[in-house]
Amino acid sequence: MGGGEYPLSMPNLRGLFYFFLNSRLPHDTLQLVTVAVSALVVVLVLVSVFPRCRGISDLRFSLVIVVTLLASYHSYGHDLVLMILPLFLATNYVARQEFSYFRLALGMIAGLLFILPSLVLPPQITVVAALLFLVALLKESLYPKTPIPVRQLLELTPNLRAPVSLEDQEAR
Numbered sequence: 000m001g002g003g004e005y006p007l008s009m010p011n012l013r014g015l016f017y018f019f020l021n022s023r024l025p026h027d028t029l030q031l032v033t034v035a036v037s038a039l040v041v042v043l044v045l046v047s048v049f050p051r052c053r054g055i056s057d058l059r060f061s062l063v064i065v066v067t068l069l070a071s072y073h074s075y076g077h078d079l080v081l082m083i084l085p086l087f088l089a090t091n092y093v094a095r096q097e098f099s100y101f102r103l104a105l106g107m108i109a110g111l112l113f114i115l116p117s118l119v120l121p122p123q124i125t126v127v128a129a130l131l132f133l134v135a136l137l138k139e140s141l142y143p144k145t146p147i148p149v150r151q152l153l154e155l156t157p158n159l160r161a162p163v164s165l166e167d168q169e170a171r
């Protein structure tokens, strides 16, 4: 699978745009749209994440890698090997944090991205999953204080234990 000569086979924004807009826009306009949207995504991530802190966290480093891969002009299928590091960093982050449904979704998207390249699917599916991963990373890096406490989660889950008799309650 080529990359430079065949934009449709690229797992990045350029490949996604060529897939959806190649027959609708002239080639020069499509190139301009691709470069403009890629630059916009890079600038938005840099402006929204990096002024807020001095150091770089695992999530922010993952954002840099994912944005770099998505916004690259030439990309090949084997370039997705660079996604392994953000996937493991995000999974490690999710495992160390307090539980929330969004963090669960972040970990599941990371697992999906880990599996997708081994399946024989069009690269556009991988790009959409990577965009979801990018949005989840961006949300979690900007607003990390949105967990559901474990105690509250236990109150929300249905009680799966057998009913307790009055004698058992008094014994406690």
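For the sequence shown, position 155 matches number 154 in numbering that gives the first Met the number 0, and the numbering has no gaps at all. Don't be surprised by glycine CBs; every beta carbon is placed ideally from N, CA and C.
Could you give the distance in angstroms between the alpha-carbon of residue i and the alpha-carbon of residue j?
i: N11; j: V126; result: 6 Å
i: F204; j: K138; result: Since the first residue shown for the chain is 0 and the last is 171, residue 204 is missing from the structure and cannot be characterised.
i: A104; j: P85; result: 15 Å
i: A128; j: L111; result: 8 Å
i: L88; j: L24; result: 38 Å
i: D27; j: Y17; result: 12 Å
i: S43; j: R102; result: What sits at residue 43 in the sequence shown is Leu, not Ser. Cα to Cα, L43 sits roughly 22 Å from R102.
i: V34; j: P6; result: 13 Å
i: R13; j: V80; result: 18 Å
i: L120; j: H77; result: 14 Å
i: V46; j: I83; result: 25 Å
i: G54; j: L115; result: 31 Å
i: V93; j: L118; result: 25 Å
i: V40; j: V32; result: 12 Å
Residue i by DSSP, collapsed to three states: which one?
i: H73; result: coil
i: G54; result: coil
i: R13; result: helix
i: K138; result: helix
i: V119; result: coil
i: S99; result: coil
i: P143; result: coil
Starting from the C-beta of residue i, find all residues in its chain whose C-beta is less than 6 Å away, skip the five residues before and the five after it, and write them out in chain order.
i: I108; result: L131, F132 and A135
i: F113; result: L86
What residues in its chain sit with their C-beta under 7 Å from that of residue i, if we drop five residues either side in the sequence?
i: S184; result: Any property of residue 184 remains undetermined from this structure, which presents the chain solely from 0 to 171.
i: L153; result: Because L153 sits at a pLDDT of 46, beneath the cut-off of 50, its placement in the model cannot be relied upon, and the point is left open.
i: T90; result: G106 and A109
i: T67; result: none
Please return the same chain residues whose Cβ sits closer than 8 Å to the Cβ of residue i, not counting the five positions on each side in sequence.
i: S140; result: V48, S56, L58, R59 and L62
i: L29; result: F16, Y17, L20 and N21
i: M9; result: G2, Y17, H73, S74, Y75 and P122
i: V36; result: L12 and F16
What residue range is occupied by the uninterrupted alpha helix (DSSP H) comprising residue i?
i: N21; result: Run containing N21: none; DSSP gives neither H nor E here.
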